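Numbering (the working numbering), first residue to last: 35 to 351.
Working notes, beginning with the structure itself.
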């Protein structure tokens with residue numbers, strides 16, 4: 035019996051796609067990685083650069099460039115195709131161009147015979163994940179957006195730095211759009227199971243942090259700051275994607291914040307948005323709803339409406 039290797043296909047050999055590939059290789063998550071890009075020479079060069087490093091990895095990984103047909107037997111396909119945002123652009127400003135890219139990719143994916151799980155990174159993340167699911171007609175559990183997995187890491191960074199609590203001891207995530215309308219459900223932001231706002235109220239001399247609205251703004255501005263000062267964001271989102279992939283390939287049943295299709299969840303309409311979801315070998319296994327306060331629910335539904343509005347526009351293109 036042949037042992038099945040873990041194969042990942044990556045559409046888009048730009049900053050995020052290439053760094054996701056490197057992390058998948060260095061961490062030993064994948065045994066085989068294939069790049070596809072409209073600039074074939076770019077895909078070939080990225081694959082070659084990683085192959086140069088394999089001698090110094092803990093174990094072997096096969097990395098190469100190929101066609102969409104080479105993705106057929108991949109376990110997971112990463113959608114990292116599209117242009118990066120200029121410093122003055124929001125993620126939503128990328129919508130039309132990202133949809134045009136998807137209009138080219140969807141028939142290629144369908145024709146390739148690929149039948150695995152798609153993880154979409156391309157912005158605006160929630161809308162592009164929804165667009166892919168709509169146009170491919172696949173079960174919703176097989177298409178996942180990286181969503182607020184990255185935003186949640188940025189929140190954990192802020193809280194850890196200000197409260198002087200290890201990120202690993204914090205439960206903290208954002209809900210809604212991977213963008214400016216995302217919100218923090220503070221009633222579920224905890225340290226050792228205790229709400230951090232309660233922790234601060236009880237012991238303000240030991241635990242201090244910026245007001246919640248300031249924390250949220252810092253999280254929202256994180257990507258813009260990185261994009262303005264270094265020209266892109268890459269390490270954080272690549273790490274978030276690798277965590278999602280790891281949970282799927284190892285059937286971890288791990289709960290992570292990511293963009294999934296909600297169907298009457300949280301009392302709202304059918305829509306892709308980021309919430310905590312349980313991930314395993316089949317993709318999305320379950321969406322365990324958390325209870326939101328009235329104000330949190332209002333903020334979350336506002337974010338949902340932003341996504342829905344732009345998704346309807348995407349379908350009209």
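All C-beta atoms in this analysis are idealised placements derived from N, C-alpha and C, irrespective of residue type, glycine included.
All figures in this text were calculated on a predicted structure; none of them were measured in a lab.
Residue 170 sits in a helix when the DSSP states are folded into three classes.
With fewer than 16 other beta carbons inside 10 angstroms of its own, residue 248 counts as exposed.
When rounded, the separation of the alpha-carbon atoms in residue 254 and residue 37 is 44 Å. Pairing residue 150 with residue 109 gives a Cβ-Cβ distance under 8 Å.
Shortest Cα-Cα distance from residue 126 to any of 215, 285, 332 involves 215.
Judged by DSSP secondary structure, residue 261 falls outside any beta strand (DSSP E) and instead within the alpha helix (DSSP H) spanning 246 to 264. Taking one beta carbon from each stretch, the stretch 209 to 229 and the stretch 327 to 342 have 3 or more pairs nearer than 8 Å; the two touch. Rounded to whole angstroms, the gap between the alpha carbons of residue 281 and residue 111 is 15 Å. In terms of Cβ geometry, residue 155 and residue 293 do not form a close pair [threshold 8 Å]. With a beta-carbon spacing of about 12 Å, residue 180 and residue 208 fall beyond the 8 Å limit used to define contacts. Counting C-beta atoms within 10 angstroms of its own C-beta, residue 44 has 16 or more neighbours from the protein chains shown and is therefore classed as buried. Closest in alpha carbon position to residue 308, among 299, 50, 327, 192, is 299. Within the stretch 39 to 106, the beta strand (DSSP E) runs of at least 3 residues that lie entirely inside it are, in chain order, 41 to 45, 66 to 70, 96 to 99.
The Cβ neighbour count for residue 71, taken over all protein chains shown within 10 Å, is at least 16; the residue is labelled buried. According to the DSSP assignment, residue 330 belongs to the alpha helix (DSSP H) that extends over 328 to 350. The beta carbon of residue 99 lies closer than 6 Å to those of 69, 77, 78, 81 in the same chain, with the five residues before and after it left out.
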